[in-house]
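In the working numbering, the protein residues as written are 4 to 160.
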């Protein structure tokens, strides 16, 4: 159970860092385009989100590889698997199936709700141009949280 919690929370942190990196780049492009329209060219990029993303990804990869359940698996084999799906025995396989189903249901609810908010996006596009990135982030984070909580609830029963 500990591994599922750590992997799920790490995935959420990774998604958040990715969203802030993309949002930082998008705001840089937006400001650069505005500067070009005024006749001046200015390019300024915040490297902190990108640096944090890379550092976290490296630390997460090393930790996940060292704590993998099948120690005989090579890095190449391990790196193409989904590490959140813990299926050591039949019970965990059933718990994973139940948690995956719950995450799918939450995703199929949160995506249409997120899409409905895009009707109002033109009203606040100038104030929050990176809203689509964070709308996508919220749907992914919600699905991950539902997966993790369902997995924990089923495991502790």
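Where a beta carbon is used, it is the ideal one built from N, C-alpha and C, also for glycine.
Exercise for the section: Taking 8 angstroms as the threshold, find out whether the region 102-109 comes into contact with the region 143-153 through three or more Cβ pairs. Expected result: Yes: the two stretches touch, three or more of their Cβ pairs being nearer than 8 angstroms.
Practice task
Quick one: grab the DSSP three-state call for residue 49.
Solution key: Within the chain shown, numbered from 1, the residue matching residue 49 stands at position 46. Assignment of residue 49 by DSSP, reduced to helix, strand and coil, places it in the coil class.
Exercise for the section: Spell out a yes or no on whether the region 109-126 and the region 48-68 are touching, meaning 3 or more CB-CB pairs, one atom from each, closer than 8 angstroms. Expected result: no
Practice task
Can you grab the Cα-Cα spacing for the pair residue 29 / residue 133, in whole Å?
Solution key: Here residue 29 is taken as the residue at index 26 of the chain shown, counted from 1. Here residue 133 is taken as the residue at index 130 of the chain shown, counted from 1. Roughly 7 angstroms separates the two Cα atoms.
Practice task
Determine the closest residue to residue 148 out of 15, 26, 127, 4, with distance taken between C-alpha atoms.
Solution key: Position 145 of the chain shown, counted from the start, is the residue given in the question as residue 148. Taking only the C-alpha atoms, the option nearest residue 148 is 15.
Practice task
Please say whether residue 121 and residue 100 have beta carbons closer to each other than 9 angstroms?
Solution key: In the chain shown, the residue the question calls residue 100 occupies position 97. In the chain shown, the residue the question calls residue 121 occupies position 118. Not closer than 9 angstroms, so no.
Practice task
Could you give the DSSP three-state label for residue 94: helix, strand or coil?
Solution key: Residue numbering aside, residue 94 sits at position 91 when the chain shown is read from its first letter. Looking at residue 94 - three-state DSSP - the assignment turns out to be helix.
Exercise for the section: Return yes when at least one heavy atom of the ligand SAH lies under 8 angstroms from the C-beta of residue 119, else no. Expected result: With respect to the ligand SAH, the structure offers nothing, as it holds no ligand at all.
Handout entry: Nearest-angstrom beta carbon gap, residue 60 and residue 17 [assumed within contact, 8 angstroms]
Key = In the chain shown, residue 17 corresponds to position 14, counting from 1. In the chain shown, residue 60 corresponds to position 57, counting from 1. Residue 17 to residue 60, Cβ: 7 angstroms. Contact.
Practice task
Kindly indicate the opening and closing residues of the alpha helix (DSSP H) around residue 141.
Solution key: The sequence position of residue 141 within the chain shown is 138, counting from 1. Boundaries of the alpha helix (DSSP H) around residue 141: 134-158.
Handout entry: Length of the line joining the Cα atoms of residue 62 and residue 69
Key = Working through the chain shown from its first residue, we reach residue 62 at position 59. Working through the chain shown from its first residue, we reach residue 69 at position 66. Cα-Cα distance, rounded: 11 angstroms.
Practice task
Between the Cα of residue 13 and those of 65, 130, 97, 131, spot the shortest distance and give me the residue it belongs to.
Solution key: The count along the chain shown starts at 1 and reaches residue 13 at position 10. Checked all of 65, 130, 97, 131; the closest Cα to residue 13 is 65.
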